[in-house]
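First comes the structure, then the notes that go with it.
In the numbering used here, the protein residues as written are 3 to 240.
Dropping the structure here:
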């Protein structure tokens with residue numbers, strides 16, 4: 003029986019791959035990156051939605067799929083389910099609210115998906131030398147302290163819970179929206195903050211929870227900038 007020893011140089015390179023050295027960048031770089039990322043994803047999502055609507059229209063014209071069903075008057079436009087509407091029928095009401103939802107929802111989904119990937123990797127790295135969490139509240143505190151400090155250079159200002167699986171995290175000076183403004187109006191800045199700049203942080207929180215074994219929902223809420231609140235709902239028994 004023979005044994006093969008791994009050369010020291012190879013084991014050292016493997017250790018570097020598993021735990022690469024930290025490299026620091028300018029703190030403002032991430033702020034600029036987030037601004038450009040939201041703008042880029044908004045353009046990309048608009049192009050993808052237009053392409054999907056064009057393809058759907060061509061398939062309807064060719065008779066490959068039936069035309070979209072008319073939404074019953076008892077169902078509001080902003081609450082209509084995808085199963086009874088299509089891309090063509092979700093163009094919104096006269097007020098234009100539905101159209102805004104159609105334009106912003108793909109952006110929110112993409113930002114949240116990116117955030118989930120980031121949050122999962124952050125939780126893996128920060129939990130490497132930690133013992134397993136025994137309580138759900140310990141997981142939430144880990145997010146409020148470690149994840150928040152790693153991502154946004156501070157801890158959560160306030161944590162509330164009803165002890166039934168609902169946790170409310172409040173940050174009074176949420177970094178991603180502290181410098182956000184709009185030349186149109188403050189209401190427009192709030193709208194941009196809700197639809198674009200709170201989606202990725204919500205994904206980071208959700209991704210960290212999923213990697214730690216907790217499947218739940220994360221809903222961001224912004225009523226006055228730069229304050230931001232995240233409501234986490236975990237299933238019963240989590």
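Glycine included, C-beta positions come from ideal geometry on N, C-alpha and C.
Contact the segment 181–196 vs the segment 119–127: 3+ CB pairs below 8 Å
Verdict: no, contact absent.
Between the C-alpha atoms of residue 163 and residue 63, what's the straight-line distance to the nearest angstrom?
Using only the alpha carbons, I get a separation of about 53 Å.
What is the DSSP secondary structure of residue 228, counted as helix, strand or coil?
Residue 228 carries a coil assignment under DSSP once its states are collapsed to helix, strand and coil.
Any idea what DSSP makes of residue 190, helix, strand or coil?
DSSP places residue 190 within a helical segment (H, G or I) once states are collapsed to three.
Tell me the start and end of each unbroken alpha helix (DSSP H) in the segment 102–167 that is at least 4 residues and wholly inside, in chain order.
Complete alpha helix (DSSP H) runs here, min 4: 138–144, 150–154.
Do the segment 226–234 and the segment 169–176 touch if we need at least three Cβ pairs shorter than 8 Å?
Output reads yes: the segment 169–176 touches the segment 226–234.
Measuring alpha carbon to alpha carbon, tell me which of 52, 235, 37, 32 ends up nearest residue 104.
Distance from the Cα of residue 104 is smallest, within the candidate group 52, 235, 37, 32, for 52.
Give me, in chain order, the residues of the same chain whose beta-carbon lies closer than 6 Å to that of residue 91; leave out the 5 immediate sequence neighbours on both sides.
At residue 91 the pLDDT is 38, less than 50, meaning the model places this residue with poor confidence; the figure from the coordinates comes in the next sentence. These residues qualify, in order along the chain: 70.
Inter-residue Cα distance where the pair is residue 235 and residue 167
Note on geometry: alpha-carbon atoms of residue 235 and residue 167 lie some 6 Å from one another.
Where do the N-terminal and C-terminal ends of the alpha helix (DSSP H) with residue 221 fall, by residue?
Where residue 221 is concerned, there is no enclosing alpha helix (DSSP H), although the beta strand (DSSP E) it sits in stretches over 219–223.
Can you find at least 3 beta carbon pairs, one from the segment 202–213 and one from the segment 143–150, that sit closer than 8 Å?
Touching, yes.
Measure the alpha-carbon distance for residue 31 versus residue 205 and round it to whole angstroms.
Taking the straight line joining both Cα atoms gives about 20 Å.
For residue 49, the first and last residue of its enclosing alpha helix (DSSP H)
In this chain, the alpha helix (DSSP H) harbouring residue 49 covers 29–63.
For residue 180, is the classification buried or exposed, using 16 other Cβ atoms within 10 angstroms of its Cβ as the cut-off for buried?
Under a 10 Å Cβ-count criterion, residue 180 is classified as exposed, with fewer than 16 other Cβ atoms of the shown protein chains found around its own Cβ.
Given a cut-off of 7 Å, decide if residue 113 and residue 195 are closer than it, judged by their beta-carbon atoms.
Pairing residue 195 with residue 113 gives a Cβ-Cβ distance that is not under 7 Å.
Grab the span of the alpha helix (DSSP H) containing residue 178 for me, first residue to last.
Start and end: 177–180.
Which residue or residues does DSSP assign as beta-bridge partners of residue 169?
Looking at the DSSP assignment, residue 169 forms a beta bridge with 163, 234.
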